[in-house]
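Chemist:
There are 2 protein chains.
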Amino acid sequence: MQEVPLPEVYQLLEPGPVVLLTTTDRGRANVMTMSWHMMVEFTPPLIACVVSEGDYSFQALRKHRECVIAIPAVELAEKVVAVGNTHGRDTDKFAAIGLTPVPASKVAPPLVQECFANLECRVIDTRLVNRFNLFVLEVVAAWRDPKQKAPRTIHHRGYGRFTVDGETITLASKMP
Amino acid sequence: MQEVPLPEVYQLLEPGPVVLLTTTDRGRANVMTMSWHMMVEFTPPLIACVVSEGDYSFQALRKHRECVIAIPAVELAEKVVAVGNTHGRDTDKFAAIGLTPVPASKVAPPLVQECFANLECRVIDTRLVNRFNLFVLEVVAAWRDPKQKAPRTIHHRGYGRFTVDGETITLASKMP
Chain A
39 MQEVPLPEVY QLLEPGPVVL LTTTDRGRAN VMTMSWHMMV EFTPPLIACV VSEGDYSFQA
99 LRKHRECVIA IPAVELAEKV VAVGNTHGRD TDKFAAIGLT PVPASKVAPP LVQECFANLE
159 CRVIDTRLVN RFNLFVLEVV AAWRDPKQKA PRTIHHRGYG RFTVDGETIT LASKMP
Chain B
39 MQEVPLPEVY QLLEPGPVVL LTTTDRGRAN VMTMSWHMMV EFTPPLIACV VSEGDYSFQA
99 LRKHRECVIA IPAVELAEKV VAVGNTHGRD TDKFAAIGLT PVPASKVAPP LVQECFANLE
159 CRVIDTRLVN RFNLFVLEVV AAWRDPKQKA PRTIHHRGYG RFTVDGETIT LASKMP
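The listed protein sequences derive, respectively, from chains A and B.
Sequential numbering of the first sequence, starting at 39, is according to this note's numbering.
Sequential numbering of the second sequence, starting at 39, is according to this note's numbering.
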């Protein structure tokens, strides 16, 4: 994997793709699907996300304050849905679904080898966790798979309906 | 416009489209573009968003605690970028760019007639405004233009590059 400069990380998440989120607790890694996330700052890259109390990952994230956000291309859509349909308490989802955990550089939770990008994150603010399950994360390292040249991401519209990335248009914007 | 049931609102924002945000201050409406938003809760629908202190809309949103999130289809892309390229202090962006403000039902800021969906919002949590410019909103009314049947949204990848919605795929998901 190639390192992504941290000031470019927002370009990966700002379009709103479905992502995977990995955590580790008691030496065991888990993975969930997540669509409720947004950028909060460019540099250092900050991300907000909502991880429901009902998700097995919630306790691990709150306790260890580390996670990896992995971004899958459309070719992984069936595995992404399988991750969402399976409960981490009972199952090693990586083995059961066929995803490969890879050690990260700065956090305990693993990268997901099959994803085209992986963001290593630490929790930096928990003030909105009790009311909203909302965590603020800082990206401390970011990676990209150079073999996946033009990945098309998926965007969840509810109940298993996903929009796949279509064409790209470029307009003269003053915004980063 | 047709009313959207509030429990269905998340389906409009979860895919991560670029949106417009309207505010009102001293009897004058303003509009900005925004990509940093996410769903926080299904029902009542809660949204988090980041409005930079540097944006003219920031003070209006903090002071009056109301806004409208309007979702444009790709046909409005040039106007969306023009909104982002113009500063609201100097210009009536609606008139200059050719967008039509329409009175909302429960908040002072206007709907945007040309957008296929409009969400009337009130600010319900400001604890992360000082550190992150992050507002939590509750959607109190939502509208959809029935004439725009299958709108394709745009997703910002940085510096005026947008991905347009492509095909839709449906998988057997247990998730809402």
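Backbone N, C-alpha and C define an ideal beta-carbon position, used for all residues, glycine too.
1. N168 of chain B: buried (16+ other C-beta within 10 angstroms of its C-beta) or exposed?
2. For L137 of chain B and chain A, any beta-carbon pair shorter than 9 Å?
3. Counting only Cβ pairs nearer than 8 Å, list the residues of chain A close to K212 of chain B.
4. Just to confirm, is the Cβ distance from A86 of chain A to H102 of chain A under 9 Å?
5. With a cut-off of 9 Å, does the C-beta of T62 of chain B fall near any C-beta of chain A?
6. Compare the C-beta of E205 of chain B with all C-beta atoms of chain A and state if any pair is closer than 9 Å.
7. By how many angstroms is the C-alpha of A133 of chain B removed from the C-alpha of V177 of chain A?
8. What residues in the segment 167 to 187 of chain A bring their beta carbon closer than 9 Å to a beta carbon of chain B?
9. Could you tell me which chain B residues have their CB closer than 9 Å to the CB of S95 of chain A, listed as they occur along the chain?
10. Measure the C-alpha to C-alpha separation of R127 of chain B and Y94 of chain B and round it to an integer number of angstroms.
11. Going along chain B, which residues have a C-beta under 7 Å from S73 of chain A?
12. Could you check what DSSP says for Q97 of chain A in three-state terms: helix, strand or coil?
13. Whose C-alpha, out of B:C105, B:L58, B:V42, B:A210, is nearest the C-alpha of K131 of chain B?
14. For A210 of chain B, is the classification buried or exposed, using 16 other Cβ atoms within 10 angstroms of its Cβ as the cut-off for buried?
15. May I ask you to verify whether the segment 53 to 73 of chain B touches the segment 65 to 72 of chain A, counting CB pairs closer than 8 Å and requiring at least 3?
16. So which residues on chain A does T208 of chain B lean against when the C-beta distance must stay under 9 Å?
17. Any idea if P147 of chain A is buried or exposed, counting beta-carbon neighbours within 10 angstroms, 16 or more meaning buried?
18. In its own chain, which residues sit with a C-beta less than 6 Å from the C-beta of A155 of chain A, not counting the 5 before and 5 after it?
19. Which bits of chain A does M77 of chain B rub up against, with CB to CB less than 8 Å?
20. Taking V56 of chain B as the reference, give the member of B:A180, B:F170, B:I107, B:K212 with the closest Cα.
21. Kindly list, in the order they appear in chain E, the residues whose Cβ is closer than 8 Å to that of H193 of chain A.
22. Can you tell me which of A:R64, A:L157, A:R66, A:V119 puts its alpha carbon nearest to the alpha carbon of L175 of chain A?
23. At the level of alpha carbons, what is the spacing between T201 of chain A and T206 of chain B?
24. Let me make sure I understand the geometry here. Which of B:Y197, B:H193, B:T124 has the alpha-carbon closest to that of G92 of chain B?
25. Quick one: grab the DSSP three-state call for R182 of chain B.
26. Kindly indicate the opening and closing residues of the alpha helix (DSSP H) around G122 of chain B.
27. Cutting at 8 Å between CB atoms, please list the residues of its own chain near F216 of chain B, excluding the five before and the five after it.
28. Cβ atoms of V145 of chain A and G198 of chain A: under 9 Å apart, would you say?
29. Taking DSSP as the reference, what is the three-state secondary structure of R160 of chain A?
30. Between which two residues does the alpha helix (DSSP H) containing V56 of chain A stretch?
31. If you reduce the DSSP assignment to three classes, tell me which class N68 of chain B lands in.
32. Closer than 7 Å by beta-carbon distance: list the chain A residues that pair up with E116 of chain B, in chain order.
Modeler: On the basis of the data shown:
1. Translated into positions along the second sequence, residue 168 of chain B becomes position 130. Classification for N168 of chain B: exposed.
2. Start at 1 with the first residue of the second sequence, and residue 137 of chain B comes out as number 99. No, L137 of chain B does not count as interfacial toward chain A.
3. Residue mapping note: residue 212 of chain B aligns to position 174 of the second sequence, counting from 1. What K212 of chain B touches in chain A: G122, N123.
4. Here residue 86 of chain A is taken as the residue at index 48 of the first sequence, counted from 1. Here residue 102 of chain A is taken as the residue at index 64 of the first sequence, counted from 1. Their beta carbons are not under 9 Å apart, which means A86 of chain A does not touch H102 of chain A by this criterion.
5. Within the second sequence, numbered from 1, the residue matching residue 62 of chain B stands at position 24. Interface residue (Cβ-Cβ distance to chain A less than 9 Å): T62 of chain B is not classified as such.
6. Residue mapping note: residue 205 of chain B aligns to position 167 of the second sequence, counting from 1. Chain A contact via Cβ: present.
7. The sequence position of residue 177 of chain A within the first sequence is 139, counting from 1. The sequence position of residue 133 of chain B within the second sequence is 95, counting from 1. The alpha-carbon atoms of V177 of chain A and A133 of chain B are separated by roughly 40 Å.
8. R169, F170, N171, L172, V174
9. Taking the first residue of the first sequence as 1, we reach residue 95 of chain A at position 57. Within 9 Å Cβ-Cβ: nothing; S95 of chain A doesn't reach chain B, min ~14 Å.
10. Working through the second sequence from its first residue, we reach residue 127 of chain B at position 89. Working through the second sequence from its first residue, we reach residue 94 of chain B at position 56. Going from the Cα of R127 of chain B to the Cα of Y94 of chain B covers about 6 Å.
11. As a working note, residue 73 of chain A is residue 35 in the first sequence. Neighbours of S73 of chain A on chain B, chain order: E52.
12. The residue labelled residue 97 of chain A in the question sits at position 59 within the first sequence. It is helical.
13. Numbered from 1 along the second sequence, position 93 holds the residue referred to as residue 131 of chain B. From the listed residues B:C105, B:L58, B:V42, B:A210, the smallest Cα separation to K131 of chain B is found for B:L58.
14. Start at 1 with the first residue of the second sequence, and residue 210 of chain B comes out as number 172. Result: exposed.
15. no
16. Here residue 208 of chain B corresponds to residue number 170 of the second sequence, with the count starting at 1. Here the neighbours are Y197, G198, R199, F200.
17. For the purposes of this step, residue 147 of chain A is taken as residue 109 along the first sequence, with counting starting at 1. Buried.
18. Translated into the one-based positions of the first sequence, residue 155 of chain A becomes position 117. Cβ neighbours of A155 of chain A beyond the five flanking positions: L50, I109, R182.
19. Counting from one through the second sequence, the residue named residue 77 of chain B turns up at place 39. Near M77 of chain B (Cβ distances below 8 Å), the residues of chain A are S73, W74, V88.
20. If you number the second sequence from 1, residue 56 of chain B lands on position 18. The residue with the shortest Cα to Cα distance from V56 of chain B is B:I107.
21. In summary, chain E is missing from the structure at hand, where the protein chains are A and B.
22. As a working mapping, residue 175 of chain A is identified with position 137 in the first sequence. Out of A:R64, A:L157, A:R66, A:V119, A:L157 has the C-alpha closest to the C-alpha of L175 of chain A.
23. Stepping through the first sequence from its first residue, residue 201 of chain A is reached at position 163. Stepping through the second sequence from its first residue, residue 206 of chain B is reached at position 168. Their backbone Cα atoms lie some 4 Å apart in a straight line.
24. Counting from 1 along the second sequence, the entry for residue 92 of chain B is found at position 54. Checking every option, the nearest Cα to that of G92 of chain B belongs to B:T124.
25. Position 144 of the second sequence holds residue 182 of chain B. Strand at R182 of chain B.
26. Position 84 of the second sequence, counted from the first residue, corresponds to residue 122 of chain B. First-last of the alpha helix (DSSP H) with G122 of chain B: 115 to 123.
27. Outside the modelled stretch of chain B, which goes from 39 to 214, sits residue 216 of chain B, for which no answer is possible.
28. If you number the first sequence from 1, residue 198 of chain A lands on position 160. If you number the first sequence from 1, residue 145 of chain A lands on position 107. Contact: no.
29. The count along the first sequence starts at 1 and reaches residue 160 of chain A at position 122. Reduced to three states, the DSSP call for R160 of chain A is strand.
30. On the first sequence, position 18 is the one that residue 56 of chain A refers to. It is not in any alpha helix (DSSP H) - V56 of chain A carries neither H nor E in the DSSP assignment.
31. Here residue 68 of chain B refers to the residue found at position 30 of the second sequence. Residue state, collapsed to three classes: strand.
32. Reading the second sequence from its first residue, position 78 is the one you call residue 116 of chain B. Those within 7 Å of E116 of chain B in chain A are L209.
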